[in-house]
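Colleague: This structure is in structure tokens; I'll ask about it shortly.
Numbering (this note's numbering), first residue to last: 1312 to 1610.
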């Protein structure tokens, strides 16, 4: 049977529409599966708590003195968590790679002294168990967003040690991909997982990454995972951090991550985006006012 050109176009359009419909339905089913898994394995934390956790601290732990100075400040402010890089995934192999296990020990000892909970990134499967014995939270960075061996191992270790898993979004990861990757962690038994939006790589160059602030309400809609926003890596410049932090809080973030260094100008990594201790104190006061208006408290 010969088709006229118009008939061919009509048939082609029908086939395309059918394919789009099938793909859309498949994505919807996949999304519902992610939500079902989250509801089975995690408490419903999103949007249901009056506490907003502040994960603050230097990009890298450079010395015990440097880290202790930051920890003392956060302890005096009544905060509960401190973050710090010990293994650094750097773009350039000649850049500072972190102190490694000695840095983990510094974090453990300093946090024990100041009664703070600790969060640090783990880069490979071999280090998960060793690090989990000394810290409270394990971070999976953007570069390991779909490192499935690490995700599985992290999930198992976190389940054994009751560790927090801070799972950062990849540079170009969609929310569906993010939730699917999270299942690799929760399927191994991890119960305490937090998703961290840290900005996407787009055509825009005015900022280091483009912060997807809409990810906060979208994730709250599609899952029960609490959501953190890393405003420092999205901004790449310390003067932009306050605005992004306020936006994250207003959007309903369950936690905010900010890099803070006693002396950012001599920092061995990401010096341009880290706040000084005094700058952070001023920002904290401003954020506290917004939190109060929202009926929340920063901890």
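Note that beta-carbon positions come from the ideal geometry of N, C-alpha and C, so glycine has one too.
From the DSSP output, read off the bridge partner residues of residue 1371.
Modeller: 1396
Colleague: Can you give the Cα-Cα distance for residue 1367 and residue 1394, rounded to whole angstroms?
Modeller: Each residue's Cα considered, the two are about 5 Å apart.
Colleague: Here's the rule: buried if 16 or more other CB atoms are within 10 angstroms of the residue's CB, otherwise exposed. What is residue 1526?
Modeller: buried
Colleague: Considering only residues of the same chain and omitting the five flanking positions on each side of residue 1565, which have a CB-CB separation below 6 Å?
Modeller: So the list reads 1537 and 1538, once near-sequence residues are dropped.
Colleague: Which class does residue 1461 belong to by DSSP, given the choice of helix, strand or coil?
Modeller: helix
Colleague: Opposite residue 1476 in the DSSP bridges: which residues?
Modeller: 1449 and 1504
Colleague: Give the straight-line distance between the Cα atoms of residue 1410 and residue 1583, rounded to the nearest whole angstrom.
Modeller: 20 Å
Colleague: Residue 1423: which of 1492, 1408 and 1445 sits nearest, CA to CA?
Modeller: 1445
Colleague: Using the three-state DSSP reduction, which class does residue 1431 fall into: helix, strand or coil?
Modeller: strand
Colleague: Taking C-beta to C-beta, are residue 1363 and residue 1522 nearer than 8 Å?
Modeller: Cβ distance not < 8 Å, so residue 1363 and residue 1522 don't count as in contact.
Colleague: Among residues of its own chain, excluding the 5 on either side of residue 1507, which ones have a beta-carbon nearer than 6 Å to its beta-carbon?
Modeller: 1477, 1479, 1539 and 1541
Colleague: Would residue 1609 be called buried (16 or more neighbouring beta carbons within 10 Å of its own) or exposed?
Modeller: buried
Colleague: What are the complete alpha helix (DSSP H) segments, minimum 4 residues, inside the segment 1505 to 1542?
Modeller: The segment 1505 to 1542 contains these whole alpha helix (DSSP H) runs: 1526 to 1533.
Colleague: Grouping DSSP H, G and I as helix and E and B as strand, with all else coil, what is residue 1497?
Modeller: helix
Colleague: Kindly indicate which residue of 1464, 1576, 1426 and 1554 has the alpha-carbon position closest to the one of residue 1595.
Modeller: 1554
Colleague: What first and last residue would you give for the beta strand (DSSP E) that runs through residue 1566?
Modeller: 1566 to 1570
Colleague: If you follow the alpha helix (DSSP H) that residue 1438 is in, where does it begin and where does it stop?
Modeller: Where residue 1438 is concerned, there is no enclosing alpha helix (DSSP H), given that its DSSP letter is neither H nor E.
Colleague: When you compare each of 1450, 1360 and 1483 to residue 1370 by their alpha carbons, which one comes out closest?
Modeller: 1450
Colleague: Am I right that residue 1518 and residue 1483 are in contact with their C-beta atoms under 8 Å? What's the rounded C-beta distance?
Modeller: That belief does not hold up - the Cβ atoms of residue 1518 and residue 1483 are roughly 16 Å apart, past 8 Å.
Colleague: Would DSSP call residue 1607 helix, strand or coil?
Modeller: coil
Colleague: Look at the alpha carbon of residue 1373 and the alpha carbon of residue 1413, and state the distance between them as a whole number of angstroms.
Modeller: 10 Å
Colleague: Given residue 1590, which residues of its chain have a CB within under 6 Å of its CB, disregarding the five upstream and five downstream residues?
Modeller: none
Colleague: Quick one, are the C-beta atoms of residue 1405 and residue 1443 less than 8 Å apart?
Modeller: Not in contact: residue 1405 and residue 1443 (Cβ atoms no closer than 8 Å).
Colleague: Where DSSP assigns a beta bridge to residue 1362, which residues make up the other side?
Modeller: 1608
Colleague: Taking the alpha-carbon of residue 1509 as reference, which of 1460, 1463 and 1556 has the nearest alpha-carbon?
Modeller: 1556
Colleague: Is residue 1598 helix, strand or coil when you go by DSSP?
Modeller: Helix.
Colleague: Which of the three DSSP states, helix, strand or coil, is assigned to residue 1555?
Modeller: helix
Colleague: Check the Cβ-Cβ distances between residue 1584 and every residue of chain C, and say whether any is below 8 Å.
Modeller: Protein chain content of the structure displayed is limited to a single chain, and chain C is not contained in it.
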